[in-house]
Amino acid sequence: MTTIATTEKAEPARRPRSQILEFMRQQPMGAASFVVIVVMMFAGVFAERVAPHDPLDIDFGGILAPPSWEHWTGTDAFGRDTFSRIIYGARTALIIGFASSFIGSSLGALLGATCAYFGGRVDMVIQRFVDIMLSFPIIVLALVVVAVLGKWQVLGIDINLIFAIAIPIVPNVTRIVRSAALSVRAMPYIDAARTAGYSHLRIICRHMLPNLMAPYLIMLTAYIAQAILLEASLSFLGLGVAEPTPAWGLMLSGNATDFFREAPWMALFPGIAISLAVFAFSLFGDSLRDWLDPKFKV
Amino acid sequence: MSVDNLHVHFKTAAGVVRAVEGLSFTVNRGEVVAVVGESGSGKSVTALAVMRLLPKRSAVVPQGRITFDGRNLLELSDEEMRQRRGRDISMIFQEPMTSLNPILPIGLQITEPLQIHLGMSDEQTKARAVELLRLVGIPDAERRLTQYPHQFSGGMRQRVMIAIGLACNPKLIIADEPTTALDVTIQAQILELMKDLSRRLNIALILITHNLGIVARYADRVIVMYAGRQAEQGAADAVFHRPRHPYTMGLLRSVPRLDRPRGVKLETIEGLPPNLATAPPGCRFAPRCPYRLPACDQDPPLIPTDTGGLSACIRAAEIASGAINWTSGMVAGSADAVAKDRAPLLAVRDLRKFFPVRTGLGGSKAVVRAVDGVSFDIYPGETLGLVGESGCGKTTVGRLILRLDEPTSGAIHFEGKDLLAASAGELKTLRRKIQVIFQDPYSSLNPRMTVGQIVAEPLHVHGIVADAGKRKARVAELISQVGLRPELAERYPHQLSGGQRQRVGIARALGMEPSFIVCDEAVSALDVSIQGQIINLLEDLQRAFGLAYLFIAHDLAIVRHISMRVVVMYLGHVMEIADRDTLYREPLHPYTKLLLDAAPIPDPTVEKARAPRLIQGELPSALAPPAGCVFHTRCPLASDECKAAVPPLREIRPKHFAACIKV
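Chains as they are written, first to last, in the working numbering: chain R, 161 to 458; chain C, 1459 to 2121.
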């Protein structure tokens, strides 16, 4: 049935507050995951205030202590409070995960849309380049980038680590976005834009990219999780975040595996934190995609 | 079968949509009943309700009986219903391209219902499948059974669908827009076949369509639906000649017809169909009806009419007495004299476009000759109609003129400038002058932009209106020029109806202040009553701004209405060019003649009087077009000479060109 609402009045402009309420009403799961993300962000930003202990405080008297009132999630092999380390770890995870996924996905989306728009030789060259990139395992590619770029810290954040994680994301996103962009390219409104004499850049940015929001958001949120894991792997190999900086991936690897029988909490709680973050970002991405699509607004 | 007081409701986020309300009708064996209505009138929902194929989660049938063979279909268990589907009642869908399973050979798809419902053995089913394919006119049946759907053309696939529908000797066939996706010449073949089979095999046929011409030619009785209710029903002759409901009267008048003198303006039904979720009680048509009375606020009963049918209009008796006649604003004659001694605005010379295709893996390259040597001129302020069946290259010609595709060879001059040699900068200024209106109003507007943004963008990019405040005023002006309320600027395209979207597309094109617009099937996706409104709008704008149109369409009646001259294309070649009146009165080329014969006219008397002269055969593949005259494979006059050389376009009478050696 195609009954299209044709109410007589133009609807009133949406106020931001009613927008948020409306989002919560229409996307309850999205709202729940948003709460998790906000909690994570809050913990990351105000880690100094929230954390009960200093995450770097070594206490050899209380190593591998099980969860207690003093240490909610126990302590690690150096007697450091894991709960505080998880809270500080949220900061690392969010900065590196979000920044690298954002850079990687955005670059990928732009390349994918460019490929689909121009087609022909441009598409051919970029796609073969993507093929080469995809033939390397993601971790190997990240390793190469780290090795080539070295370390470059700004305000305590390793910028090159972000790029090392972002670059392997690019070809994956390019592939997915390109296939979606091919169908957008074939839409008459792109032809209409071409006959209107708009520049290539304008057509790609104003007419193609907004219509590729759905695959972009899914990729973005999915790769935040990937990036957090990748960062952990690199840290494990000594190329990412180094001890004693608190990072979830780092907490999972290293000593946690050695003491798994004696102190399962060392791996369990950072693991839960990673799962929760990954789950929340994916779910939020899905809801956001539905919400941003004007077709879903009645 | 009889349907009695059927109601179907859909639960949606926007409330309960009453898709069908109080529909009653009967169909007897060997009878063809047509259900006509615009999109959203509930005709397809009725068909799905009879088949019990409505979506279970959202659709409810709160009232009504559907009696088939003495049983109420609505009370059968799912299993009992399943047994009837395909065996007693079968359905033929609109889209022959997607309703066959592409990975199964068609033989298997025909024999499947036979095995399931009749439990036939393999040999029996094969024999029956061959018999069925012969019945629906597919030659070489045994060999074709092992072929896959992609090896069949659209018309052939629809024949296969009919064969599947007939497989178990059903008592009732429901055909939902069976020929809407097909060309005029193929449409005539398929409908002839269906009507003939229904007579011979004594099958009841429900034909759901929006095309009044089809109804006139093939239906015995007609049910006119509007906004989920029936407006009128009766014998086809009566409904067409003596309509007893204002909606039917308006509908019949808003269709351009091939057999009537061409009026200056098309008559239309103003306004839009109501929203079925929020519509108030009362006659559904009242808001658009010129004869409404205060009493129309009450739900109208179905009253028997003097013509033996039923009408849902309280003033049916007055209509019958002739007291009410749809006011005719029709002015005879033509008001479009264009000075042709001026230089042409657009000159197309020997235009060719070949698309290379690779056949198979690493196979040799073949070439589709989509446009093969097309030449014509368009003068300022003129409308040139371009007609032809699908695949004849008419859309490609439009795309080449718009420089959306690069031609293989040929020349296009616009206002004396060579369009193909223009630099990027020159092209940008030329693009302002040449605009386009697309066929599909659903996909030609960027869904992420509001109407206001869509219309404002070209003004901004081309610096037509540089000031942001003035731009807003100009957008409001443009939107009202195309007959929309300026508040709609805040809306997104999906919040508009098809006709409104098409108006937005026109406003966008108009903002560039063009002198020439390519209308590529600009009204063929719209409902009949909306079509008329858009055509009138295009003509008004043409008069106001001196626009020239290239009007690309497959509907001969619409092209006749809007065009001043007409080009007929077939398989990439121009067959005939002439003034509109000359072409329709005295067509010279055999293809034009047959095309005009195949087009149905919404008048049962005229239809029954003319002998159907069908074009035989299918459109040849553009990959391997016939040598010589491309039409010789289907032409009744064809001889060996026709195969020898491509006939040139000759001026046979003054300003009347045809590409045929026999005239």
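From the three backbone atoms N, C-alpha and C, an ideal C-beta is built for every residue, glycine too.
Delimiting residues of the beta strand (DSSP E) encompassing residue i
i              : result
residue 1525/C : 1517 to 1526
residue 1463/C : 1460 to 1470
residue 1692/C : 1687 to 1693
residue 1895/C : 1892 to 1895
residue 1867/C : 1867 to 1872
residue 2037/C : 2031 to 2037
residue 2027/C : 2023 to 2028
residue 1683/C : 1679 to 1684
residue 388/R  : Here residue 388/R belongs to no beta strand (DSSP E); instead the alpha helix (DSSP H) covers 373 to 396.
residue 1978/C : 1974 to 1978
residue 2009/C : 2006 to 2011
residue 1634/C : 1630 to 1634
8 Å Cβ cut-off: residues of chain C touching residue i
i             : result
residue 362/R : 1919
residue 188/R : By Cβ distance, chain C contributes nothing, its closest Cβ being about 15 Å from residue 188/R, past 8 Å.
Delimiting residues of the alpha helix (DSSP H) encompassing residue i
i              : result
residue 1994/C : 1986 to 2003
residue 355/R  : 348 to 355
residue 2050/C : 2048 to 2056
residue 1483/C : No alpha helix (DSSP H) holds residue 1483/C; the beta strand (DSSP E) holding it covers 1473 to 1484.
residue 257/R  : 242 to 278
residue 1843/C : Where residue 1843/C is concerned, there is no enclosing alpha helix (DSSP H), although the beta strand (DSSP E) it sits in stretches over 1841 to 1845.
residue 309/R  : 298 to 309
residue 1432/C : Absent from the structure is residue 1432/C, since the part of chain C shown begins at 1459 and ends at 2121.
CB contact below 9 Å: residue i versus chain C
i             : result
residue 352/R : yes
residue 167/R : Here residue 167/R scores only 36 on pLDDT, less than 50, and its place in the model should not be relied on; the value that follows carries that caveat. True, the Cβ-Cβ gap to chain C drops below 9 Å.
residue 373/R : yes
Contacts of residue i in chain R (Cβ-Cβ under 7 Å)
i              : result
residue 1893/C : 355
residue 1901/C : 347, 348, 349
residue 1898/C : 348
residue 1916/C : 356
Min CB distance residue i to chain R below 9 Å
i              : result
residue 1887/C : yes
residue 1907/C : yes
residue 1515/C : no
residue 1791/C : In this predicted model, residue 1791/C has a pLDDT of only 41, less than 50, meaning its place in the structure is not dependable enough to derive any value.
residue 1857/C : yes
residue 1794/C : Residue confidence for residue 1794/C is low, a pLDDT of 49 falling below 50, so the modelled location carries little weight and cannot support an answer.
residue 1612/C : no
residue 1941/C : no
residue 1966/C : yes
residue 1495/C : no
residue 1963/C : yes
Within chain C, partners of residue i - CB distance below 7 Å
i             : result
residue 332/R : Under the 7 Å cutoff, chain C gives no residues; its nearest Cβ is about 24 Å from residue 332/R.
residue 367/R : 1904
Under 9 Å from the C-beta of residue i: neighbouring residues of chain C
i             : result
residue 370/R : 1904, 1905, 1906, 1907
Where residue i meets chain R, residues with beta-carbon distance less than 9 Å
i              : result
residue 1862/C : 351, 354, 355
residue 1890/C : 356, 357
Classification of residue i by the beta-carbon crowding that lies within 10 angstroms, buried from 16 upward
i              : result
residue 1518/C : exposed
residue 1991/C : buried
residue 2060/C : buried
residue 1881/C : exposed
residue 1811/C : buried
residue 209/R  : exposed
residue 1690/C : buried
residue 422/R  : exposed
residue 229/R  : exposed
residue 1806/C : buried
residue 371/R  : buried
Interface residues of chain R facing residue i [CB-CB closer than 8 Å]
i              : result
residue 1970/C : 356
Segments assigned alpha helix (DSSP H), at least 4 residues, entirely inside the region 1521 to 1607 of chain C: 1536 to 1542, 1564 to 1571, 1580 to 1593, 1599 to 1602
Fully enclosed by the region 1886 to 1974 of chain C, which beta strand (DSSP E) runs are 3 residues long or longer? 1892 to 1895
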